[in-house]
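Residue numbers (my numbering), protein chains in the order written: chain A, 1 to 248; chain B, 1 to 319.
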Ligand SMILES: Cc1cc2nc3c(=O)[nH]c(=O)nc-3n(C[C@H](O)[C@H](O)[C@H](O)COP(=O)(O)OP(=O)(O)OC[C@H]3O[C@@H](n4cnc5c(N)ncnc54)[C@H](O)[C@@H]3O)c2cc1C
Ligand SMILES: Nc1ncnc2c1ncn2[C@@H]1O[C@H](COP(=O)(O)O)[C@@H](O)[C@H]1O
């Protein structure tokens with residue numbers, strides 16, 4: 001089985017979010033970038049398929065040279081090879097177009113992407129690549145088994161989960177649950193050394209027309225001070241929630 | 001020309017989000033000077049939609065669509081959009097709508113903006129405001145394609161009633177091969193889901209152990225709320241992963257969020273900040289959550305929560 005894991009390169013969850021150029025660009029100054037958490041769960045599940053079922057694992061990112069350390073980290077965790085499509089990831093659709101082209105050229109059976117990226121929260125790339133490559137698609141995937149060309153997946157739904165049967169080629173939008181938090185791997189020295197020798201191919205982009213443009217960013221208005229209620233005066237809390245906030 | 005809205009139902013009954021997206025579609029249609037068509041799949045009675053601005057309902061009844069299938073539902077909406085010559089298609093932020101929207105986007109060749117929180121800032125060019133960086137910021141996005149898909153955040157726009165009537169017609173679209181089939185569903189029917197909830201009651205590590213969640217559930221019961229938890233609580237196995245909220249868990253956009261024994265780490269706050277009113281109960285007055293909350297009680301959850309339950313019961317009894 002050939003697996004492609006899509007890796008989005010995102011600011012660390014503790015990052016302060018600021019913008020530059022008249023609030024049109026994300027300010028990367030002092031920001032540490034990491035593998036998108038949902039993709040880290042997916043990559044870990046891919047390593048399981050590699051170790052238990054002999055799958056090969058390629059990781060891919062659509063982005064500039066600055067994303068290569070993130071791809072190297074994925075190689076250090078155990079992926080076999082990496083591809084970087086050399087273009088800025090500005091719109092979900094154009095990213096999906098690039099990835100669809102990588103998938104068509106590489107003939108991957110299983111594409112593991114994340115439910116969403118924690119930067120722009122588009123939540124669209126996996127579904128779009130499934131649509132573009134005519135593959136089956138399971139979103140919010142919290143469990144996946146593959147046997148030959150059939151797959152069983154668990155999808156989280158609002159208020160529960162459902163078990164799905166499907167076939168390869170398959171694209172999933174993965175998230176926590178696909179593997180446990182405790183299964184996540186930190187690259188060790190040997191992994192980091194080996195990653196240096198693994199292939200990282202730079203591919204040129206295909207033509208794609210963006211469907212959306214990011215115009216400007218805003219930060220939420222600063223929050224007013226909290227209203228404190230004494231623990232022995234909870235009638236007041238009920239009163240405030242009912243009469244002031246009007247939420248109960 | 002029209003605005004098409006996908007009004008979701010469950011077991012034949014519209015979800016609240018269906019009325020919210022209908023209200024949103026109406027606002028967009030007014031700006032564009034056009035009408036709203038809803039596409040309804042296996043709802044028993046579509047008459048309630050008129051009160052939220054729907055002019056026409058395309059009523060799909062098909063047993064092949066009894067369980068949700070993203071590809072099939074996307075194809076139904078696509079055919080409806082083509083028949084109605086839709087310029088804008090409005091969907092919700094439910095797990096199902098977020099699943100089908102990117103598939104619909106590809107097949108309609110329509111740009112899609114998710115997590116939209118307000119009616120378009122302008123319709124030409126078509127600009128919408130959405131949340132980004134997991135609620136740490138807002139982004140104004142322009143959709144450039146001819147047809148636009150807008151995914152509206154839960155509880156962001158609210159319900160807007162309008163007077164009028166809706167015509168209804170049967171709609172029988174072609175259904176594609178399913179590709180994925182649902183074998184079983186495991187869903188608690190007696191509980192409110194975080195996605196649908198107007199009130200969420202959430203517990204953190206301050207509650208010490210899973211055996212102490214009885215009072216959290218009771219508080220949620222009194223309020224008709226969903227229960228949630230912080231990440232370590234689900235990592236420790238005190239509560240299921242499906243309750244984990246925050247930047248790497250589920251987003252929460254409820255009207256009221258009550259945090260009990262949660263410190264308010266940046267990743268937690270990012271995921272719940274879209275909630276309108278936040279209440280924190282914590283023994284530590286220095287807990288960062290107090291900076292993000294509207295109302296706070298500095299106190300021991302094991303005393304405050306049972307007392308609050310009693311006060312709320314008395315309040316509900318009076319209503
Ligand atoms: C990559 C990454 C992603 C993350 N994503 C998320 C996420 O999505 N969601 C999330 O929640 N976290 C996330 N975290 C974890 C986050 O950083 C915090 O560790 C976590 O939110 C803390 O959970 P907590 O508030 O329950 O526990 P603690 O920080 O241990 O806080 C417990 C609180 O309970 C209070 N307390 C103690 N006893 C009582 C009592 N008797 N009554 C009342 N209060 C009491 C304490 O004063 C304290 O403030 C993430 C971390 C990382 C590194
Ligand atoms: N630039 C990118 N390169 C590779 N994969 C991406 C990129 N952007 C998004 N993805 C994948 O698509 C998922 C969802 O991203 P998004 O639709 O942007 O929220 C991510 O978790 C990744 O798996």
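Note that beta-carbon positions come from the ideal geometry of N, C-alpha and C, so glycine has one too.
Reduced DSSP category for residue i - H, G, I as helix; E, B as strand; rest coil
i, result
"residue 53 (chain A)", "helix"
"residue 24 (chain B)", "helix"
"residue 166 (chain B)", "coil"
"residue 265 (chain B)", "coil"
"residue 68 (chain B)", "coil"
"residue 45 (chain A)", "helix"
"residue 126 (chain A)", "helix"
"residue 83 (chain A)", "strand"
"residue 319 (chain B)", "coil"
"residue 26 (chain A)", "strand"
"residue 115 (chain A)", "coil"
"residue 54 (chain B)", "coil"
"residue 146 (chain B)", "coil"
"residue 193 (chain B)", "coil"
Integer-rounded CB distance, given that residue j should sit under 8 Å from residue i
i, j, result
"residue 115 (chain B)", "residue 254 (chain B)", "That pair is no contact at about 15 Å."
"residue 153 (chain A)", "residue 143 (chain A)", "6 Å"
"residue 293 (chain B)", "residue 280 (chain B)", "4 Å"
"residue 5 (chain B)", "residue 25 (chain B)", "4 Å"
"residue 267 (chain B)", "residue 296 (chain B)", "Contact flag wrong, Cβ pair sits at about 20 Å."
"residue 177 (chain A)", "residue 187 (chain B)", "At roughly 16 Å, the Cβ-Cβ gap does not stay under 8 Å, so residue 177 (chain A) and residue 187 (chain B) are not in contact."
"residue 173 (chain B)", "residue 80 (chain B)", "7 Å"
"residue 93 (chain B)", "residue 151 (chain B)", "6 Å"
"residue 205 (chain A)", "residue 60 (chain A)", "Incorrect: roughly 12 Å between the Cβ atoms, too far for contact."
"residue 46 (chain B)", "residue 168 (chain B)", "6 Å"
Residue i CB to nearest heavy atom of ligand 1 below 7 Å
i, result
"residue 239 (chain B)", "no"
"residue 230 (chain B)", "yes"
"residue 301 (chain B)", "yes"
"residue 186 (chain A)", "no"
"residue 53 (chain A)", "no"
"residue 37 (chain A)", "yes"
"residue 70 (chain A)", "no"
"residue 15 (chain A)", "no"
"residue 258 (chain B)", "no"
"residue 283 (chain B)", "yes"
"residue 263 (chain B)", "yes"
"residue 84 (chain A)", "no"
"residue 206 (chain B)", "yes"
"residue 248 (chain B)", "yes"
Contact test: residue i Cβ vs ligand 2 heavy atom, cutoff 7 Å
i, result
"residue 97 (chain B)", "no"
"residue 254 (chain A)", "Limits of chain A in this structure are 1 at one end and 248 at the other, which puts residue 254 (chain A) out of reach."
"residue 112 (chain B)", "no"
"residue 122 (chain A)", "yes"
"residue 7 (chain A)", "yes"
"residue 151 (chain B)", "no"
"residue 101 (chain A)", "no"
"residue 126 (chain A)", "yes"
"residue 273 (chain B)", "no"
"residue 117 (chain A)", "yes"
"residue 154 (chain B)", "no"
"residue 92 (chain A)", "yes"
Check: residue i C-beta below 7 Å from any heavy atom of ligand 4
i, result
"residue 141 (chain A)", "Within the structure as shown, ligand 4 is missing, the only ligands being ligand 1 and ligand 2."
Check: What are the start and end residues of each continuous beta strand (DSSP E) run of 3 or more residues lying completely inside the region 208 to 253 of chain B, in chain order?
Finding: 226 to 229
Next item on the list: Pull out every residue of the region 233 to 249 of chain B whose Cβ sits closer than 8 Å to any Cβ of chain A, in chain order.
Entry: 235, 241, 242, 244, 247, 248 and 249
Checklist line | Interface residues of the region 174 to 186 of chain A facing chain B [CB-CB below 7 Å] | finding: So the close ones are 176, 177 and 181.
Next item on the list: With 8 Å as the limit, tell me which residues of the region 272 to 294 of chain B have their beta carbon closer than that to any beta carbon of chain A; keep them in chain order.
Entry: 273, 276, 277, 279, 280, 290, 291, 292, 293 and 294
Next item on the list: Residues of the region 144 to 169 of chain A with a CB closer than 7 Å to any CB of chain B: list them in chain order, please.
Entry: 156, 157, 158, 159, 160, 161, 162, 163, 164, 165 and 166
Next item on the list: Could I get the ranges of all uninterrupted alpha helix (DSSP H) runs contained in the region 160 to 214 of chain A, with 4 residues as the minimum, in chain order?
Entry: 189 to 197
Next item on the list: Taking only beta carbons into account, state which residues of the region 114 to 125 of chain A come closer than 9 Å to chain B, listed in chain order.
Entry: Under the 9 Å Cβ criterion, the region 114 to 125 of chain A contributes 115, 116, 118, 119, 120, 121, 122, 123, 124 and 125.
Note to self: Short of 8 Å Cβ to Cβ, which residues in the region 249 to 270 of chain B face chain A?
What the structure shows: Taken in chain order, the members of the region 249 to 270 of chain B whose beta-carbon sits within less than 8 Å of a beta-carbon on chain A are 249, 255, 256, 266, 267 and 270.
Check: Which of the residues in the region 206 to 230 of chain B, read from start to end, lie with their CB under 8 Å from any CB of chain A?
Finding: 223
Item checked: Contact residues within the region 205 to 228 of chain A, judged by C-beta distance below 9 Å to chain B -> 209, 210, 211, 212, 213, 214, 215, 216, 217, 218, 219, 220, 223, 224, 225, 226, 227 and 228
Note to self: I'd like the ranges of any beta strand (DSSP E) spanning at least 3 consecutive residues and lying wholly in the region 76 to 137 of chain B.
What the structure shows: 86 to 91, 111 to 116 and 126 to 132
Check: Looking at chain A, which residues of the region 130 to 147 of chain B have a Cβ within less than 9 Å of any of its Cβ atoms?
Finding: 130, 131, 132, 133, 134, 135, 136, 137, 138, 139, 140, 141, 142, 143, 144 and 145
Checklist line | Members of the region 100 to 117 of chain B that neighbour chain A once the beta carbon cut-off is set at 9 Å | finding: 100, 101, 102, 103, 104, 105, 106, 107, 109, 110, 111, 112, 113, 114 and 115
Item checked: Near-chain B residues of the region 22 to 49 of chain A (beta-carbon distance less than 7 Å), N- to C-terminal order -> 37
Checklist line | chain B contacts from the region 71 to 88 of chain A (Cβ-Cβ distance under 9 Å) | finding: none
Check: Of the residues that make up the region 296 to 307 of chain B, which ones have a beta carbon closer than 7 Å to any beta carbon in chain A?
Finding: 296, 297, 298, 299, 303, 304 and 307
Next item on the list: Give, in chain order, every residue of the region 184 to 196 of chain B whose Cβ lies closer than 9 Å to some Cβ of chain A.
Entry: 184, 185, 186, 187, 188, 189, 191, 192, 193, 194, 195 and 196
Check: Relative to chain B, which residues along the region 7 to 21 of chain A have a C-beta separation below 7 Å, given in chain order?
Finding: 13, 14 and 17
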